[in-house]
Amino acid sequence: MQIRVKLMAALKEKSPEGDVLELSEGATINDALAAMKVPGNFVHLVMVNNQMERDRGRELADDDELMVMPPVGAG
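Quick note: the sequence shown uses the numbering used here, first residue 13, plus one each step.
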């Protein structure tokens with residue numbers, strides 16, 4: 013299956029080519045993050061199809077959109 017990916021701020025450099033990630037059926041948010049080599053401590057907010065998602069074990073579906081935002085540093 014394919015999902016669309018939006019990595020924000022400092023995570024942008026880990027975006028897959030074309031912002032599309034190929035995953036096996038039944039893959040979870042954690043699987044997607046691991047495939048892109050995004051460390052868990054670099055993830056502050058996860059949204060799937062514009063809905064905040066706290067369960068990183070949630071299964072993704074074909075054509076889902078995954079948005080990941082890192083923590084924001086304070087000055």
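Don't be surprised by glycine CBs; every beta carbon is placed ideally from N, CA and C.
Please read these numbers as outputs of a predicted model, since none were measured by experiment.
Are I41 and R66 closer than 7 angstroms when you measure CB to CB? Cβ atoms of I41 and R66: not closer than 7 angstroms.
Is it buried or exposed, V80, if we count other Cβ atoms within 10 angstroms and call 16 or more buried? Buried, since its Cβ has 16 or more Cβ neighbours within 10 Å.
Kindly indicate which residue of E77, K26, G38 has the alpha-carbon position closest to the one of A47. For A47, the closest alpha carbon among the candidates E77, K26, G38 is that of K26.
Note down, in chain order, each residue of its chain lying with its Cβ closer than 6 angstroms to the Cβ of A73, except the 5 sequence neighbours on either side. Excluding residues within five positions, none has a Cβ falling inside 6 angstroms.
Rounding to the nearest angstrom, what Cα-Cα distance links G52 and L45 in this structure? Taking the straight line from one Cα to the other gives about 8 angstroms.
Compare the C-alpha of I15 against each of D43, A21, L23, K24 and name the closest. The option with the nearest alpha carbon to I15 is D43.
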